[in-house]
Amino acid sequence: AEVNEALISSGTTPEHTTTFGVFYNGVNYISNCNTRHGQYAYCSEMRLPSYSTAKSVLAGMAYMRLGQLYDENVGDILVKEYLPEAADWDSVTLEHTLDMATGRYEAPTYMTDEDFSPISTNFLVAETYDDKLKYALSFPANGKPGEQWVYQSTATFVATQTMSAYLRQQTG
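Per our numbering, the very first residue in the sequence shown carries number 33; after that it's consecutive.
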C-alpha cells in the first residue's frame, strides 16, 4: 500500500500516546497499545473513548454540510436568532461556538471550565434538554466573542442546537 508506518506516529511521544493508526485502502494500520505499566496485551479489546474527537467531528461535518446545502456563510449566523434562550449572547455566532471562543467562560485557563466548573458538571449530569441548554448558556460573558479559546463541551452543544434550529428553519 506504500504506507510508511514509521511516519504514522511522527510528532507524538510514547508516554503521551495510548495507540494510533490510520485506515487506508481497506486496511487499518495500528500501533501497539501503551499503558503506564507497559504494553496492553489485548489491544483490539481496549476501549478508547473518543468524546472530544467524536463531538468535534460531528459538529464540524454538520457545519460543512449546512454550508454546502444552504449558505457558505452559515458560520456568521447569530446563536440568539436560533435559540431564544440565548437572548443575551449578543454577538456570538455559530462559528464562535464551533471555535469554542464564545467569550462566555468562568476562567480562560486551559480545561478549567471543562474540568472544574459547576456549570459543566451540572451540564454533563443534566438529563433533560431544557436543563442541558440552561447550563450550556449560563457561562458568564467575560470576554468578546472570537478572542479567547476556552475548551467547553457546552459550546459544542450550543453549536449543534443552533445548527438544528437553522436546519429546521431551512427545511420547514
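The beta-carbon is built from N, C-alpha and C at its ideal position, and this holds for glycine as well.
All values derive from a computational prediction rather than experimental measurement.
query: With distances taken between CB atoms, is the gap from Y114 to A191 smaller than 7 Å?
result: no
query: Thinking just about the alpha-carbon of each residue, which of T203, Q202, D162, Y137 is nearest to the one in A187?
result: Y137
Buried/exposed call for E146, threshold 16 Cβ in 10 Å: buried
task: Please go through the same chain and pick out, in chain order, the residues whose beta-carbon is closer than 6 Å to the beta-carbon of A118, but skip the five residues on each side of it.
output: V111, K112, L169, listed in sequence order.
- prompt: Start and end of the alpha helix (DSSP H) containing Y167?
  reply: 161–168 is the span of the alpha helix (DSSP H), which, as asked, contains Y167.
message: Using the Cβ count rule (16 or more neighbours within 10 Å means buried), how would you classify V106?
response: Per the 10 Å Cβ criterion, buried.
task: Measure the CB-CB distance between S123 and P177 and report whether it falls below 7 Å.
output: yes
- prompt: Would you say L126 and T194 are within 7 Å of each other, going by their C-beta atoms?
  reply: yes
task: Would you mind stating whether T51 and S63 have Cβ atoms separated by less than 7 Å?
output: Less than 7 Å divides the Cβ of T51 from the Cβ of S63.
Of the residues S76, L90, L101, the one placed nearest T203, counting alpha carbons only: L101
field: Segments of 3+ residues assigned as beta strand (DSSP E) that fall wholly inside the region 57–117
entry: 59–62
message: Alpha carbons only, please: which of L39, C65, D103 is nearest the one belonging to L199?
response: Across the set L39, C65, D103, the C-alpha of D103 shows the shortest separation from the C-alpha of L199.
field: Proximity of G135 and G175 at Cβ, strictly below 7 Å
entry: yes
query: Looking at C-alpha atoms only, which residue of R68, E77, F55 is the closest neighbour of H48?
result: R68
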